[in-house]
Structure formats: structure tokens, C-alpha cells
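K.L.:
I am attaching a structure below and will ask some questions about it afterwards.
In this note's numbering, the protein residues as written are 2 to 392.
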């Protein structure tokens, strides 16, 4: 009888060569932490002193460092040889990558290491070239593609020439509060929250939002909307350490909006949204964002940049609205719509957290993740043993 594989006996190499900090990077750190906590061995390959590196250090995850970006064939070749050395030295059993650019060198190596499965978490727009033979060749070595929603799974099926049975919807794997306790503001005030990433370097997306505030306030006054609007800029690091803080303050003063804007530092978690009346999402490189989920699970109406994934998430206007990311007029009009029909959105949001838990709760995600690891490792082990016998 074949002995059952134990995950605690395996070693997983998590690859995240990113300078950003968003849903993908948070997912990578969480995956490595969860796997380490069940007794497995986890290593993280990242850029030294990147945000991913710093957050992994806080979680006490062992790191390996690669110095350059994968923008040239020379750097990819250097990555190829370094990764080959890591696989031999650390006896890696599974590779889990979060960056599209790493798939070519990883796939090249694993073509000669049949026993190691490769997992790719897909959550960003990529410049895919369907007619490129090398792209087709290296992506064919990917054993599983993890996505956060059905829409992203469909996009992955259209983007990558892989069997659809190798693409899975795992959900986002976020922690949910044990109890939803919304802080209801006084009738004369509405708090509108915008979350700004700690790696945001440009004011272009934020400027679009601020440009629509004066006309928004004016239009609401003409409709006898007498509640005071507070626009709260939230981030998860100290604002004094944020690169765009001074520019933001100047932009607010130039528009004479200082009485309407506040700054807050809070962790990116559901508890940070429980006193929020409306959440406005800014355009992002990611296809799916966990901050959108955190707002919805606290029964907060949302206004999000329009993508098929976000339209599906909010049930096409049931839990909030979407806007074109370059259309300030539509952004303003949708905010007016939510504010003047606020009670109907709150009514629709009653119990939405239960629905989202079925799709995105950490326990569900963890069960799927570990089941995939076990299945893929077992399949690869059997396949490599069979190939050795045939040879």
C-alpha cells in the first residue's frame, strides 16, 4: 500500500520578485506563513529590502534573495542559474510563483526536473503573446494556475494555452471578522474612504477623484442633500513616511478641500472599514483586490473601477457601483447615486458576508491549497518514477 504524502514533510519555494505591495504580495506572505504553521518548510525567493522581504522578515519566513529585475535575457539567465542552485541545495519539493516573468526560467529548469510541480497564482494583466513558441513551451510546464474568481479563471483559460482542468478558483483566502459591528455615523455626516497603497507613487488616479469633489458637493446641495462629506485617505503605513503625502496635502490645499479631507493609518483588514459609509476603489494593476472584499464583508457600499471581476463581485450594482477609471464625471455621478439611494444599498448588503465567506474564507482557501499541493506532488512523483523506469 502506497504511503500517504504528509505536507509537513515537504519544502515549498515561494517566488515573488516584486517591488510592489498588494493583493498578490500579501497572498504570497500568507501562503508561506500558513504552510510553515502546519509544519512544512517554506522559503521565499524575493528582492532584498523589498516590501515583500520586509514583511516576510516580520513573519520570520526564511528568505533567499535575487538582486536584479527580470527585464533582460541576461538577468533571466542569472536567475536560471541561481534558482537551479537553490533547488539542488534546499531540496525543494514544490515551487509556487506569483510573477509571470519568473515562469520562463522556472519552466526551463523544471523541464529537466520532472518531480517538482509548479503552481502559478494569476492576478495581473500580462502582455501575453499567443504566437510566441517559447511562451507556450514554458507555460506548459505549469501544473496548476490559481485564480481568485470565476472571471479571472476565464481570462486565464483565454490567456494561457493550458487545459482548463489545470485552472482553479481558490478564492482570496482572507480572514473574516467573527462578528460584523458597523459604526453608524450621525445622520449629518458621511465618511467616504479611499485606500492608497503604500507603494503608490503617482497622483494621477487620486487627482481624478479630487477633481470631481467640488462638483459633487455642489450637485448634492442642489438636490437638498445636507449631510457633511468626509473624504478619508487611508493607508497601512504612517502617512509621514508615505512618498506622496506632501504632494497630496498641496493638492488638497489648492482645491480648498482641507475641511473635507482626513488622513488615517490603519491595517488592511475588515475591522478598518467598519466605520466607513462608502468605499471608493482606485484603478490598480491587479485584477482582484482584497481591499474590495474587506469593504463588502463589513456591509459597506462600494464604488470600484470597472472590470468584469468587480462587476461580478458587486452583482452589477447590487452592492455598489462601478466607474470607468478615466471618467471623472461618471465617478461623480455614481457617488451621487450611492449617496442619494444609500438605504437601498445597505439593505442589499445585509448578509452578504455569509455569501462571501463561502467563496473567500481562509479555511476554504487553505483546504484547497493544501489539497492541491498534496495532489500535484504525488502526481509529479509518480510521473518522474515512471519516466525513470522507461529510461
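Each residue gets a CB set at the ideal place from its N, CA and C atoms; glycine is no exception.
None of these values were measured; they are calculated from a predicted model.
Sort 8, 70, 47, 375 by Cα distance to residue 41 and report the nearest one.
P.N.:
Checking every option, the nearest Cα to that of residue 41 belongs to 8.
K.L.:
Within 10 angstroms of the Cβ of residue 321, are there 16 or more other Cβ atoms? Answer buried if so, exposed if not.
P.N.:
Its Cβ being crowded by 16 or more others within 10 Å, residue 321 is buried.
K.L.:
Would you kindly report the start and end of the unbroken alpha helix (DSSP H) that includes residue 153?
P.N.:
First-last of the alpha helix (DSSP H) with residue 153: 151-160.
K.L.:
Cutting at 6 angstroms between CB atoms, please list the residues of its own chain near residue 152, excluding the five before and the five after it.
P.N.:
Closer than 6 angstroms at the Cβ level, and outside the excluded window around residue 152, lie 309, 310, 313.
K.L.:
Leaving aside the five residues before and after residue 77 along the sequence, list all residues of the same chain whose C-beta is less than 7 angstroms from its C-beta, in chain order.
P.N.:
Correct list, in chain order: 71, 105, 106.
K.L.:
Which runs of the alpha helix (DSSP H) fall wholly inside the segment 27-60 and span at least 4 residues, in chain order?
P.N.:
Runs found: 52-59.
K.L.:
Does residue 310 come out as helix, strand or coil in the three-state DSSP assignment?
P.N.:
Residue state, collapsed to three classes: helix.
K.L.:
From which residue to which residue does the beta strand (DSSP E) around residue 169 run?
P.N.:
Note, residue 169: beta strand (DSSP E), 168-170.
K.L.:
Identify, in the order they occur along the chain, each residue of the same chain with its Cβ nearer than 7 angstroms to the Cβ of residue 294, setting aside the five sequence neighbours on each side.
P.N.:
Around residue 294: 173, 175, 357, 361.
K.L.:
Would residue 67 and residue 18 be called neighbours here (beta carbons separated by less than 8 angstroms)?
P.N.:
Yes, these two residues count as a Cβ contact at 8 angstroms.
K.L.:
Quick one: which unbroken beta strand (DSSP E) runs of 3-plus residues sit fully inside the segment 63-141? Chain order, please.
P.N.:
List check, beta strand (DSSP E) in window: 64-66, 95-98, 119-122.
K.L.:
Measuring only the C-alpha atoms, how far is residue 33 from residue 215?
P.N.:
Going from the Cα of residue 33 to the Cα of residue 215 covers about 45 angstroms.
K.L.:
Using only the alpha-carbon positions, how far apart do residue 258 and residue 244 sit?
P.N.:
Approximately 21 angstroms, taken between the alpha carbons.
K.L.:
Shortest alpha-carbon distance to residue 282 belongs to which of 325, 275, 256?
P.N.:
Of the candidates 325, 275, 256, the one whose C-alpha sits nearest the C-alpha of residue 282 is 325.
K.L.:
Using only alpha-carbon positions, find the residue among 191, 36, 86 that is nearest to residue 232.
P.N.:
When each option's Cα is compared against that of residue 232, the closest is 191.
K.L.:
Of the choices 117, 161, 382, whose alpha-carbon is the least far from that of residue 123?
P.N.:
Selected option, being the one with the closest Cα: 161.
K.L.:
Give me the residue from 261, 255, 227, 266 with the minimum Cα distance to residue 240.
P.N.:
If we check each option's Cα against that of residue 240, 266 comes out closest.
K.L.:
In the DSSP assignment, the beta strand (DSSP E) including residue 319 goes from what residue to what residue?
P.N.:
Run containing residue 319: none; DSSP gives neither H nor E here.
K.L.:
Quick one: grab the DSSP three-state call for residue 263.
P.N.:
Here residue 263 sits in strand by DSSP.
K.L.:
Kindly indicate the opening and closing residues of the beta strand (DSSP E) around residue 147.
P.N.:
Start and end: 145-148.
K.L.:
Mark residue 280 as exposed unless 16 or more other C-beta atoms lie within 10 angstroms of its C-beta, in which case mark it buried.
P.N.:
Buried, since its Cβ has 16 or more Cβ neighbours within 10 Å.
K.L.:
Going by DSSP in three states, residue 299 sits in which element: helix, strand or coil?
P.N.:
The answer is coil: DSSP assigns residue 299 none of H, G, I, E or B.
K.L.:
Whose C-beta lies closer than 6 angstroms to the C-beta of residue 3 among residues of the same chain, with five residues either side of it excluded?
P.N.:
With a pLDDT of only 46 at residue 3, under the threshold of 50, the placement of this residue in the model should not be trusted; the figure read from the coordinates follows. Cβ within range, chain order: n/a, list empty.
K.L.:
If you count every other CB in all the chains shown that lies within 10 Å of the CB of residue 254, and 16 or more means buried, which is it?
P.N.:
The residue is exposed, with fewer than 16 neighbouring Cβ atoms inside 10 Å.
K.L.:
Measure the beta-carbon distance from residue 337 to residue 209 and round it to whole angstroms, keeping in mind my assumption that it falls under 8 angstroms.
P.N.:
16 angstroms between Cβ atoms; not a contact.
K.L.:
Excluding five sequence neighbours on each side, which residues of the same chain lie with their C-beta closer than 8 angstroms to the C-beta of residue 263?
P.N.:
Once the five neighbours on either side are set aside, the close Cβ partners of residue 263 are 231, 232, 233, 234.
K.L.:
Please state whether DSSP places residue 192 in a helix, a strand or coil.
P.N.:
Residue state, collapsed to three classes: strand.
K.L.:
Relative to the alpha-carbon of residue 121, which residue among 148, 363, 113 has its alpha-carbon at the smallest distance?
P.N.:
Here the closest residue by C-alpha is 148.
K.L.:
If you measure between the beta carbons of residue 335 and residue 304, is that distance less than 8 angstroms?
P.N.:
In contact: residue 335 and residue 304 (Cβ atoms closer than 8 angstroms).
K.L.:
Roughly how many whole angstroms lie between the Cα atoms of residue 393 and residue 117?
P.N.:
The structure shown does not extend to residue 393, since the chain is modelled only from 2 through 392, so no value can be given for it.
K.L.:
Do residue 189 and residue 154 come within 8 angstroms of each other at the CB atom, strictly closer than that value?
P.N.:
No.
K.L.:
According to DSSP, which residues form a beta bridge with residue 362?
P.N.:
Paired residues: 175.
K.L.:
Does the Cβ-Cβ distance between residue 274 and residue 194 come in under 8 angstroms?
P.N.:
For residue 274 and residue 194, yes; Cβs fall inside 8 angstroms.
K.L.:
Using DSSP with H/G/I as helix, E/B as strand and the rest coil, what is residue 3?
P.N.:
Low per-residue confidence applies at residue 3: pLDDT is 46, beneath 50, and the placement is therefore not dependable, though the value from the model is reported in the following sentence. Three-state DSSP puts residue 3 in coil, outside helix and strand.
K.L.:
Within the continuous alpha helix (DSSP H) that includes residue 251, where are the two ends?
P.N.:
246-255 is the extent of the alpha helix (DSSP H) around residue 251.
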